[in-house]
Every structure is written in C-alpha cells, then in structure tokens.
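Taking it in order: structure first as structure tokens, then the write-up.
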Amino acid sequence: MMMDLYEMTMANGYFNRPEHEAWVSFDVFYRKNPDGGGFAIFAGLEQILEYLEQLHFTKEDVDYLRSLGLYKEGFLDWLQQYRFRGDVTALREGTVMYPNEPIMTVYAPLIDAQLVETFILTQMNHQSLVATKANRIVQAAQGRSVSDFGARRAHNVDAAVYGARAAYIGGVDSTATVLAGQQFGIPVSGTMAHSWVMYHEDEYTAFAQFAECYPDSTVLLVDPQKPWKQNVFSDCRAERLHKTMMKEGKRTLPPESLESIRGYVRKQLAEEIWPEEQRFENPHLHFVDMSPAYYEMKIRLLEQAQNGKKSSQ
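Counting with numbering that gives the first Met the number 0, you get residues 0 to 312 for the letters of the sequence shown.
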C-alpha cells in the first residue's frame, strides 16, 4: 500500500480496458546530480527487490480501498490475488550514475509497472542521495575516518536506518545507529554526549573516567578550542551495467553484501584503503556560514586553514 493514490486509480482504469495485460517498460532515471556534483551513487536496490517479491494486498487493504468508493468490485477482487509478475534489470547497487540515463527498467504488465512506481522512487531517491553525499564527504576527508551520526536528524526511523545503510555504501566507516548495525552488519561507533561531560566535575575528569571505562576504544568529544586538547589525546589510547535482477516476479540474483557494494564504489572512484587506526576529530574549528549542501567543501576549507596556521608557526 506504499504508493500514491493515482497509481491505484490508474490501475483500476487500466483493469477495465482489454489491454490491461499488455507488457510495458518503465525506465527509472533522475534529472540532475545533487548539490551541483558530477555524479551520483545508486543505492536502495535491495529494499526495492524485497518489496517487489513480497508485494500483495491483504483483506484489510482491499477493504480500505473499497471504502474510498473509487474502484470497481472486479478490480478489488483481482487485487486480493495479486503478486508482482514483472522483470527488473538494474545497475549494480553502488554504481556511479549520471542524469537522464536508465538506472533500472521494469518490464511488466501495465498495472504491475504502474503500481510500483512510488516505492521504487522513494527508496532509490533517498538512499542514493545519502550515499552520494556521504561519498563526497569521505573524499573531502582525504583518508580521515568518517562516521554516520545522522539518526537524530533523519525524518523518521526508516530514514535513519536506511540512511545509515546508504552512508555506509557511500564510504563511511561506521554508524552510530545501532539498529542499522544490527540489521545490516555495519560497524557501529560513537563518542560521548555533552551530558557525560556535564555530569562530571570538569572535562578532564569526564575524559579520564570514559577512558578508564573503555581503555581500548576511547573516542572523546573534545572542544577543539581548548589549549590542552593535545595533552588529553596523549594521555588516552565498462562491463554491461544493467543486469537482470528479477524475472517473472522472482529474483534472479542473491542479495549482495554491503561490503561488496562498498568495494565496488571504491573501485569505481579509485579510492585508497585507509589505515585501521585513525583518530576522530571534530572538524568544526571555526564558525563558518555555509549551506549543509556544501559540507564537504567546508571540510577542505578548514583543513587548508589548519595547514596554513601550522606553517606560520
């Protein structure tokens, strides 16, 4: 039932015409890259294929549709037996993609192809946007560790979980979202909240207590303006792109692991493998009035400012 009303309304209209079983092709594409970038990264395919495999309408679904007074009984009866019957070809998840090119093609009976439009676009647009943004930030970080802490800013729980998945595809090293870690096997990480620091007598005590509790995995929430920051750290330790993904409503390829997808993204963009031991450091050294759309540029500017300061000392 995750669809726009007009999908169902058009399906009802098709059903009452003799050609409603005609097979058609719907191409999925996007019109422009986000934030003026040069590419986007495809994400969300796994959730789309899972949805298509499981798509059906329960009695409660049909009763609700009947209550709208829009649809004929013959169509509603048909929905109760419905399963997706189409074929799907798509780019491999994690593929670098460009505007106005087919990302996915749904070849199916007219009604089937129409009903799934909203869900496909919802999953692809959201996850691809996050994966692309994450990758731009990872590239700007130039080998420094990047983690997803976005759950509390997500629009809802699903957006947080799938956003973490997409960010991991885009190249981040870990997520703070425990549910995403549990569901998708993404490494989880975190620092501490300001409430931990506020609870203790002073910041140094807060850090020392935290380091004592987690001696082998200490990540501190430091104020980069503090002059003793360094002491605190020293004291603590061109192939064929479209592949057949679905045939006659059945998946033809097994699900791909997130690690495989991430490796595919790195291979395409020629990114290097980063060392295991890295240091998280809050990049917000100065207040910069810049749109979040260009956060990766902000990282570069701050890095240049830091390097300039070091060279002048």
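Every residue gets a Cβ at the ideal spot worked out from N, C-alpha and C, and that includes glycine.
| Asked | Found |
| --- | --- |
| Which residues share a DSSP beta bridge with M96? | A39 |
| Of all the alpha helix (DSSP H) runs that stay within the bounds of the segment 123 to 210, which reach a length of 4 or more residues? | 156 to 169, 177 to 183 and 193 to 198 |
| Provide the residue(s) that pair with M108 in DSSP beta bridges, ordered along the chain. | Per the sequence shown, the amino acid found at residue 108 is Pro instead of Met. BP columns for P108 point to W22. |
| Could you check how far apart the C-beta atoms of A175 and S146 are, in whole angstroms? I think they sit under 8 angstroms. | 7 angstroms |
| Using 8 angstroms as the Cβ pair cut-off and three pairs as the minimum, do the segment 130 to 140 and the segment 48 to 65 touch? | no |
| Can you find the residues in the same chain that come closer than 6 angstroms, C-beta to C-beta, to T94, ignoring five residues on each side of it along the sequence? | F41 |
| The beta strand (DSSP E) with L90 in it runs from where to where? | D86 to L90 |
| Apart from the five residues on each side of it in sequence, which residues of its chain come closer than 7 angstroms, Cβ to Cβ, to Y97? | F38 |
| Return helix, strand or coil for M244, following the three-state DSSP convention. | strand |
| Can you list, in chain order, the residues of its chain whose CB lies under 6 angstroms from that of M1, leaving out five sequence neighbours each side? | F118 |
| Could you please give me the residues that DSSP links to V27 through a beta bridge? | M103 |
| Short of 6 angstroms in beta carbon distance, which residues of its chain neighbour Y263, apart from the five on each side in sequence? Order them along the chain. | G93 |
| Take every Cβ of the segment 150 to 170, pair it with every Cβ of the segment 111 to 128, and state whether three or more of those distances are shorter than 8 angstroms. | yes |
| Figure out for me which residue from M197, R91, F25 and T243 has the closest Cα to the Cα of I260. | R91 |
| To the nearest whole angstrom, what separates the beta carbons of R82 and L109, a pair I think is in contact under 8 angstroms? | The Cβ separation is near 16 angstroms, so there is no contact. |
| Can you tell me where the alpha helix (DSSP H) with F14 in it begins and where it stops? | L4 to F14 |
| Starting from E45, follow the alpha helix (DSSP H) in both directions and report where the run begins and ends. | L44 to Q53 |
| Rounded to whole angstroms, what is the Cα-Cα separation between I102 and E200? | 55 angstroms |
| Kindly indicate which residue of G35, A112 and R65 has the alpha-carbon position closest to the one of G248. | A112 |
| Within a Cβ cutoff of 6 angstroms, which residues of the same chain sit near G35, ignoring the five residues on either side of it in sequence? | none |
| My guess is that G170 and T131 are in contact by the Cβ rule of under 8 angstroms, so how many angstroms apart are they, rounded? | That pair is no contact at about 10 angstroms. |
| Provide the residue span of the alpha helix (DSSP H) that contains K314, from first to last. | Here the chain has residues from 0 to 312 only, and residue 314 is not among them. |
| Using only alpha-carbon positions, find the residue among R265, M244 and L4 that is nearest to L44. | M244 |
| Per DSSP, what are the beta-bridge partners of K249 in this structure? | K246 |
| Which value, in whole angstroms, describes the spacing of the CA atoms of D3 and F206? | 51 angstroms |
| State the Cα-Cα distance for the pair P214 and L64, rounded to the nearest angstrom. | 58 angstroms |
| So, under 8 angstroms CB-CB, R152 and N99 are touching, yes? Tell me the CB distance rounded to an integer number of Å. | The pair is not a contact, with the Cβ atoms about 30 angstroms apart (cut-off 8 angstroms). |
| What residue range does the alpha helix (DSSP H) around Y263 cover? | L257 to L268 |
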